[in-house]
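Going by the UniProt record's numbering, the sequence shown opens with residue 1, and the numbers climb by one from there.
Down below is the structure, laid out as structure tokens.
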Amino acid sequence: MIEKDTMRSGPNTVNDKMFIAEIILKIRETEEHYKTLMFKESLRTGFFEYSNLFHQYRERAQVQSGLHWDLVHRYLTTQVLLLSPICPHISDYVWQNILNNERSILHASWPSTDEPDLSLTKASEYLAEASHYFRLRLKSHMTSGKGKKGETPTAPQPPSHGIGWVAKTFPKWQSIILTTMHDMYKKNKSLPDNKELSKALGSAPSLKKYMKKVMPFVQAVRERMDKFGESALKDTIEFDERSILEENMDYLQATLDLEGIELKWTEECENERTQEEVVPGEPYLTFFNATCLQLELINPQPHTGLFQAILPVYENDNLAAILNIHEDNIS
1 MIEKDTMRSG PNTVNDKMFI AEIILKIRET EEHYKTLMFK ESLRTGFFEY
51 SNLFHQYRER AQVQSGLHWD LVHRYLTTQV LLLSPICPHI SDYVWQNILN
101 NERSILHASW PSTDEPDLSL TKASEYLAEA SHYFRLRLKS HMTSGKGKKG
151 ETPTAPQPPS HGIGWVAKTF PKWQSIILTT MHDMYKKNKS LPDNKELSKA
201 LGSAPSLKKY MKKVMPFVQA VRERMDKFGE SALKDTIEFD ERSILEENMD
251 YLQATLDLEG IELKWTEECE NERTQEEVVP GEPYLTFFNA TCLQLELINP
301 QPHTGLFQAI LPVYENDNLA AILNIHEDNI S
């Protein structure tokens, strides 16, 4: 039986809203696949991708405010309904014996949905991509560099904190390229070839000193269009990425095993490369080790499993942060 008492109720958080938007979109996609008798695609969107969305929601929610009972129940109910055309007997068993419905699933209606909020689905995709990129950045940070000849390189010390750099706008030269490409796209209903684009962009005086970077950026935009369509040509994104990151700060810190992450605008960064390369929708993370007080806690009681614990205390730590000791700190 699902442990309802361990879950919360009440207003929806941003994570809840993103999950709702995503399952609505998958329900609609699955319905269209069934209508066209594309059962393999129905299984992909209605089971594999649908269950992955729940695992993602659970991973984010468990380290924050917890799972929302209404959403968990909605997910389980709709999951069984989406599978019922393919697995009617199993679905009917789950429907009556686990979800405790009195009548057979044959009497149930297909899940009704509202119009999905696509800005929320894009925000969720953004969070998934950002957290994945941050993990790759951490892995790269922890990779040992080449030591001196004959010496074994030492592994870097795991960082304690990070700074997330977020861009308000594209650099001016990139914004000019995006605007030009978007105007040409709207005029022709498609992008012209690179030769015509190069000619149009080469006549812009403000791009003269960036000409070596122009066409590589144009190609990168083309590749983004394959995934995001026309929205890849806009110089803004459809959601507040800083708010999304702030809302999910506990999740990001947990998945990266960091004590804290501070978000800053790229205009505050002294590194010109960071200011130039970080763009809206693609945050950047740098790592460092903050000064801390190392408390060594020793258990004097014999014949117990816990012998010693190293507890780092950082500036501005509160009681909850101090009590949240990672397993790596216990030896």
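Cβ coordinates follow ideal geometry from the N, Cα and C atoms, glycine included.
- In the same chain as H141, and ignoring 5 residues on each side of it, the C-beta atoms closer than 8 Å to its own belong to P156, P159 and F287, in chain order.
- Here I20 is buried, its C-beta having at least 16 other C-beta atoms within 10 Å.
- Here DSSP, grouped into helix, strand and coil, assigns P302 to coil.
- A contact is defined here as three or more CB-CB pairs under 8 Å, and the region 23–34 meets this definition with respect to the region 71–81.
- Look at V313 here: in three-state DSSP terms it is strand.
- By the Cβ test, the region 118–137 is in contact with the region 236–246, since at least three Cβ pairs between them sit closer than 8 Å.
- As the crow flies, the alpha-carbon of V218 is around 32 Å from that of E29.
- With fewer than 16 other Cβ atoms inside 10 Å of its own Cβ, L293 counts as exposed.
- The shortest C-alpha to C-alpha distance from L81 to any of R273, V221 and P111 is the one to P111.
- E31 and L83 have their C-alpha atoms roughly 11 Å apart.
- Taking C-alpha positions only, E129 is separated from D16 by approximately 18 Å.
- Taking the Cα of L197 as reference, the smallest distance to any Cα among S206, D183 and R137 is reached at D183.
- DSSP places Y284 in the uninterrupted beta strand (DSSP E) bounded by Y284 to F288.
- Closest option to F134, judged by alpha-carbon separation, among I176, L258, H107 and E230: L258.
- When the five nearest sequence neighbours on each side are left out, the beta carbons in the same chain lying within less than 8 Å of the beta carbon of P312 are those of S160, E259, C292, L293, Q294, L295 and N329, in order along the chain.
- Taken through DSSP and simplified to helix, strand or coil, K212 comes out as helix.
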